[in-house]
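Residue numbers (the numbering used here), protein chains in the order written: chain A, 31 to 379; chain B, 31 to 379; chain C, 31 to 379; chain D, 31 to 379.
Written out as structure tokens, the structure reads:
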């Protein structure tokens, strides 16, 4: 382990985001995974819980009390919401950088956060400092950040699809619609009847139509792009696949533009983005085309030559929608090539 | 076989619509299946092609030339588009009633039909006579029809969801959005790479965003409800399940109405419909709740109390979206109780 | 409700066996469902838990203390193991017949039962009285039984496949192999991580190789057929589908017999069985060919003309492997036509 | 591209084995992919057919007549059976090494090959020269081979599971049973009704029980391990997942051995194998634990302490069962570290 290695810790990590992060870090030539904590599974070898990691990760889970996270250069929180905010200040004070994969630092509006997450926030000042870790928007700030709020999965897919249009003032921003479909892994590795195979397979449903926690996060990001608040209807759905998000986005043209103009707009916006692939106009990106990869593929449509723009945006919710984006942020924060450990080929079929 | 039995023939029937129709008719106490034709599989026992029908259907496929369909009381066409229109006139002339499960008689605008289906129509006069077989809209006309155009699967789900709102002038009709998701059986039993298990499983994608044949059919139906043409964006998606359509419908309120008003509107509209189930406001109907059943379940939402109405509408594409609706039409045409043979319990899980 | 109606109660019924039983009984012309109990969900309408039963079942769950089960003619237990044995004596004493869908009365060897189920049995005398409810073996006894032990799902598929060979002394009985594969609904509607969609989809594994509770049940049944104890290796597997069991059975010929002889043996054995379908020799029955139906399809093979017989046996684990078989037993116990309410067509695709 | 790069060509490559090989070679630091041929798709960019390879593979398919394969150092055949044998001699004569992923060179018994593959073999002498590319058995010969016959998917999983037992004479070899289950990608990317999503999903079936082409290949390999012909019953099944093979293997102990002995035997046999993972005795390896990885995981059982040994062996059919093993063979043939480009982490969930 050379002197250039980044000492990394993970808090939590028995969920799907955790196992994905473990796999990515194991292949990362500059990351030295020091510790991964779990209260419930302390002492259990990681590879016993996840046999896919046999021969890949040799660590056992460590009890949080013995983790010595302050000796790390970087700590990832792959925990339920409300955990990271309890521990981040001490780590930052010890000079440790932090990337939170949960939602504790995503919303700048504390009251809004407290409403959606039903708890009091314990460190609003750190929210103000935290950088929202969507590199395609915030790369410069991420570079110097101590604390990065890794975006949610839906918000990543939806923002990347809408941002070029909003930044260019191309669509009316008072009536945006995001109809999004997620694989079941987005619900995490929790024992709940609704997510049993026999409930979720061969079945399709919407959920949270009245309101989903990712709604304010998306609206915050779109407002930033638009320069003012937007009107958004966001309907998430559960689709019987493991990984993947497909966002189908609808907006009404605010001014004249043909499909070629729209296509050029997207291509320019993402010309130098390594992890956003603007497909030819009229394409239909498939979620499997990004399965296991840190990639967002986008295609723009203007059906029937009308005034509605349809954008299709796909990601792997566990990679570009979670762990991969977190590693991308780490690479930026530590001055590494942004694609380090992030070039794996999507698994197809 | 009593004197009250309806002598039924099926043209085509080696596809998914066909096997569903066979199963329904086999359980129908008033239907006597006389003949089922197939050019390619003439002589093959039906139950050899579909072992699920062993002990249920004893017929073999008959070559079209030997089918003697004119001896039937009713003939179903479960054929590709463009077949029924070749044969219907002779059958009608022989006093046989016809239900076409394909698209030949669905669009009243012949030019529009010819554009979307890329063929010349051979009997426009019969299109004019044909009744669009959506019982919830056309029951009286179906009762006396000689020729019924059975609706498409997407059109059934989308129309049933929008119609109450449009008939009441409740939403703006110039910018309707129908984001629809279909199981793979909607693509039929055709050997195509795109619909292989290894292509379609664990994958989600949109298709036909530029234009899908069901778009003009839906627009025709919605215009009828609204009393004038509507603006509609229709995006179909393929979701990795076998059966089911989930339509997520978006419209903007044209006048003040709270969720209870909207709910009451739907309940009134479908109060006496045996096959439309208006769920409590705020519900999330699942496709599996109608799997194998001739049922459309609908729920209405008004997210965040805003001015967008979201309607969720689910059907089984092979039943209420095809064969079940065809049998429902048959029951109406022959004066039988409308639910004869259509009361099977949805298969869950 | 006529005087010939059978008053039926269900204890438990919030699981998959329960919902299947509810659907079957709702369609049963001689069954009047009086009560369904659930401690945890008392007061909840059945159709709220299972929206597929909206308009089909109007009951709410009743607290066990208020169930008045003794007023029923028949009570089904669709409970976890160990519940029925607590309550059966009182019901029998009150003149109520009982069908237990769990395992409490399946094993005649009490010590063996207590070993596998890790509890003391509270009514061994009733075990002695109980009739093992596999109609193809025990029809006469079921007819007069007060208490029927409904077979397990694996035991049904495996026994029906092996019994003709063993009864005829056709295969060596000291080294039978049953390699069985089950859909995930066999694990029930319990919130466990292993059965989450994201764990069980796109995955295949064996489980319980060291010993599974259905092993002694199968051995008991095969010993009865053979007339002496058998040697059996039983390996269950979990396969990513909702319903269905496929048992692949291997035995070595004990005497000369060609494939036609074997086929004739199976056809004779099941000639008058309404729910066992012996397919042509060399067939490959699919689980979906019995999806939703009370049917076992069987095919016999003799690969390469060698001395190994391979039998393929498929059932729907929730129907012929549970609720359907229970209704079949009810029909026999009450002198009804055995197929009453059991003729639904398998759902394919 | 440095002087140490291996110039690689692929013949065929529009199937699943092809796309997997493309992905692996794209990540291989010593491989320079020169050409990939396809008669039907000449001129089409690879990434148009497989959008997952956008940004990964820049080549277009080349017509075979223009491929100049003789300029390569190594050519992979990812073609249907019977193609490679037509072209291999010319390539070998030109000094090009060849790895055939199809079956043309797998069986040493030409008559047997011709029986199972229904064609005449055009170069029996090259079959004699060809090395069967199972590194765990043939590493030394592969190192110096000009022509490697890459094993089939079932044969890889079954052989690796049985070989330690047979080499040690631990089980009776006259009555082996291999009950194997494959994901649907094993059937290739061919448009056939049987492999449509709506046919293969939520369904399980055996196939080819009378005889499957992999039977003679497996028997050849097991005979080599045993030192004499073996008796084997091989039953393949289709399971509704995309990737993965699970082989459940049964043998009868030929001499006394407890589970620890058996475990030690497996661990010794594979101690230095980088791609065979012997799990703790009594484990249940899951196919997803090797999804996307060049790994075989094995666990040994002795149920109930009886005389039957059960071995569970899982691979990804497209990786260790095809393309990954081919790259492993390439690494051996060219003196590279055997795991070059083969260390990707399995995709779980």
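Note that the Cβ used here is the ideal one computed from N, Cα and C, for glycine as well.
None of these values were measured; they are calculated from a predicted model.
Checklist entry - Which residues in chain A sit within 9 Å of residue 219/C, going by Cβ to Cβ distance? => result The sequence position of residue 219/C within the third chain is 189, counting from 1. The answer, in chain order, is 223, 226, 228, 229.
Next on the checklist: Beta carbons nearer than 7 Å to chain C: which residues of the region 203-217 of chain A have them?
Outcome noted: 214, 215
Item to check | Rounded straight-line distance, which links the Cα of residue 327/D to that of residue 294/D | outcome: Position 264 of the fourth chain holds residue 294/D. Position 297 of the fourth chain holds residue 327/D. Approximately 15 Å between the Cα atoms of the pair.
Checklist entry - Any C-beta of chain B sitting closer than 8 Å to the C-beta of residue 57/C? => result The residue labelled residue 57/C in the question sits at position 27 within the third chain. Interface residue, yes.
Item to check | Limits of the unbroken beta strand (DSSP E) element including residue 277/B | outcome: Position 247 of the second chain, counted from the start, is the residue given in the question as residue 277/B. Start and end: 275-282.
Next on the checklist: When you compare the region 253-272 of chain C with the region 122-130 of chain C, are there three or more beta-carbon pairs, one atom per stretch, that lie closer than 8 Å?
Outcome noted: no
Checklist entry - Using CA coordinates, which residue listed in 145/B, 165/B, 161/B, 140/B is at the minimum distance from residue 153/B? => result As a position in the second chain, residue 153/B is number 123, starting the count at 1. Restricting attention to 145/B, 165/B, 161/B, 140/B, the CA atom closest to the CA of residue 153/B is found in 140/B.
Checklist entry - Using the C-alpha atoms, what's the distance from residue 374/A back to residue 45/D? => result For the purposes of this step, residue 45/D is taken as the residue at position 15 of the fourth chain. For the purposes of this step, residue 374/A is taken as the residue at position 344 of the first chain. About 20 Å.
Checklist entry - Taking just the CA atoms, how far does residue 349/B sit from residue 146/A? => result Within the first chain, residue 146/A is the residue found at index 116, counting from 1. Within the second chain, residue 349/B is the residue found at index 319, counting from 1. Distance between the alpha carbons of residue 146/A and residue 349/B: 40 Å.
Item to check | Opposing strand residues paired with residue 331/B [DSSP bridges] | outcome: As a first step, residue 331/B is located in the second chain; it is residue number 301 there, counting from the start. Answer is 340/B.
Checklist entry - In the region 325-352 of chain B, which residues sit with their C-beta less than 7 Å from some C-beta in chain D, listed in chain order? => result Taking 7 Å as the Cβ-Cβ cut-off against chain D, none of the residues of the region 325-352 of chain B qualify.
Checklist entry - Nearest-angstrom Cα distance between residue 169/C and residue 163/C? => result If you number the third chain from 1, residue 169/C lands on position 139. If you number the third chain from 1, residue 163/C lands on position 133. If I take the Cα positions, the gap works out to 8 Å.
Checklist entry - So what's residue 153/B in DSSP terms, helix, strand or just coil? => result Position 123 of the second chain, counted from the first residue, corresponds to residue 153/B. Looking at residue 153/B - three-state DSSP - the assignment turns out to be coil, as it is neither helix nor strand.
Item to check | residue 89/A vs residue 53/A beta-carbon contact at 8 Å | outcome: Taking the first chain and counting its residues from 1, the one referred to as residue 89/A is at position 59. Taking the first chain and counting its residues from 1, the one referred to as residue 53/A is at position 23. Their beta carbons are not under 8 Å apart, which means residue 89/A does not touch residue 53/A by this criterion.
Checklist entry - Using a C-beta to C-beta distance shorter than 9 Å, which residues of chain A count as neighbours of residue 139/C? => result Here residue 139/C refers to the residue found at position 109 when the third chain is read from its first residue. None at all; the shortest Cβ gap to chain A is about 32 Å.
Next on the checklist: In this structure, how does DSSP classify residue 162/A when only helix, strand and coil are distinguished?
Outcome noted: On the first chain, position 132 is the one that residue 162/A refers to. Three-state result, residue 162/A: strand.
Checklist entry - Any Cβ of chain A within less than 8 Å of the Cβ of residue 31/D? => result Within the fourth chain, residue 31/D is the residue found at index 1, counting from 1. Unreliable positioning characterises residue 31/D in this predicted model, as indicated by a pLDDT of 39, which lies under 50. A coordinate reading is not provided.
Checklist entry - According to a CB-to-CB cut-off of less than 8 Å, which residues of the region 287-317 of chain B neighbour chain A? => result Under the 8 Å Cβ criterion, the region 287-317 of chain B contributes 312, 314, 315, 316, 317.
Next on the checklist: Quick check on residue 326/C: does DSSP put it in helix, strand or coil?
Outcome noted: Taking the first residue of the third chain as position 1, residue 326/C is located at position 296. Strand at residue 326/C.
Next on the checklist: Using 8 Å as the cut-off, can you tell me whether the region 107-118 of chain D makes contact with the region 34-45 of chain D, which would need three or more C-beta pairs spanning the two stretches below that distance?
Outcome noted: yes
Item to check | Neighbour-count burial assignment, residue 93/D, 16 or more Cβ in a 10 Å radius | outcome: Residue 93/D sits at position 63 when you count from the first residue of the fourth chain. Residue burial annotation: residue 93/D is exposed, with fewer than 16 other C-beta atoms found within 10 angstroms of its C-beta.
Next on the checklist: Taking 8 Å as the cut-off, does the region 232-244 of chain C touch the region 190-197 of chain C (at least 3 CB pairs, one atom from each stretch)?
Outcome noted: no
Checklist entry - So what does DSSP say about residue 244/B, is it helix, strand or coil? => result Position 214 of the second chain, counting from 1, holds the residue named residue 244/B. In this structure, residue 244/B counts as helix in the three-state DSSP scheme.
Next on the checklist: Suppose the cutoff is 8 Å on Cβ atoms and the five residues either side in sequence are ignored; what does the same chain contact list for residue 311/C look like?
Outcome noted: If you number the third chain from 1, residue 311/C lands on position 281. Around residue 311/C: 289, 290, 292, 293, 329, 330, 331.
Next on the checklist: Does the CB of residue 104/C have a neighbour CB from chain B at under 8 Å?
Outcome noted: Counting from one through the third chain, the residue named residue 104/C turns up at place 74. Closer than 8 Å: no.
Checklist entry - Ends of the beta strand (DSSP E) at residue 141/A? => result Your numbering for residue 141/A matches position 111 in the first chain. Residue 141/A -> not in any beta strand (DSSP E); alpha helix (DSSP H) instead, spanning 140-147.
Item to check | Backbone CA spacing between residue 122/A and residue 36/A [nearest angstrom] | outcome: Start at 1 with the first residue of the first chain, and residue 122/A comes out as number 92. Start at 1 with the first residue of the first chain, and residue 36/A comes out as number 6. So the alpha carbons of these two residues sit roughly 16 Å apart.
Item to check | Buried or exposed (CB count within 10 angstroms, at least 16 for buried), residue 333/B | outcome: If you number the second chain from 1, residue 333/B lands on position 303. Residue 333/B should be labelled buried.
Item to check | Collapsed DSSP secondary structure at residue 314/A in the structure displayed | outcome: Locating residue 314/A in the first chain gives position 284, counting from the first residue. Assignment of residue 314/A by DSSP, reduced to helix, strand and coil, places it in the coil class.
Item to check | Reduced DSSP secondary structure (H/G/I, E/B, other) of residue 228/C | outcome: Here the question's residue 228/C lines up with position 198 in the third chain. Assigned with DSSP and collapsed to three states, residue 228/C falls in helix.
Next on the checklist: Comparing C-alpha positions only, which one of 324/A, 39/A, 175/A sits nearest to residue 365/A?
Outcome noted: Indexing the first chain from 1 puts residue 365/A at position 335. Nearest of 324/A, 39/A, 175/A to residue 365/A, Cα basis: 175/A.
Checklist entry - Which term fits residue 360/B, buried or exposed, when burial requires 16 or more other beta carbons within 10 angstroms of its beta carbon? => result As a working mapping, residue 360/B is identified with position 330 in the second chain. With 16 or more Cβ atoms within 10 Å of its Cβ, residue 360/B is classed as buried.
Next on the checklist: Threshold first: 4 residues or longer. Then list the alpha helix (DSSP H) segments lying entirely within the region 79-139 of chain C, N to C.
Outcome noted: 114-123
Item to check | Status (buried if at least 16 other CB within 10 Å, exposed otherwise) for residue 150/C | outcome: On the third chain, residue 150/C is found 120 positions in, with the first residue counted as 1. That one is exposed.
Item to check | CB contact below 8 Å: residue 232/A versus chain D | outcome: For the purposes of this step, residue 232/A is identified with residue 202 of the first chain, where counting begins at 1. It does: the Cβ of residue 232/A has a partner Cβ on chain D nearer than 8 Å.
Checklist entry - Do residue 142/D and residue 259/D have their C-beta atoms within less than 8 Å of each other? => result Your numbering for residue 142/D matches position 112 in the fourth chain. Your numbering for residue 259/D matches position 229 in the fourth chain. No, the Cβ-Cβ distance between residue 142/D and residue 259/D is not below 8 Å.
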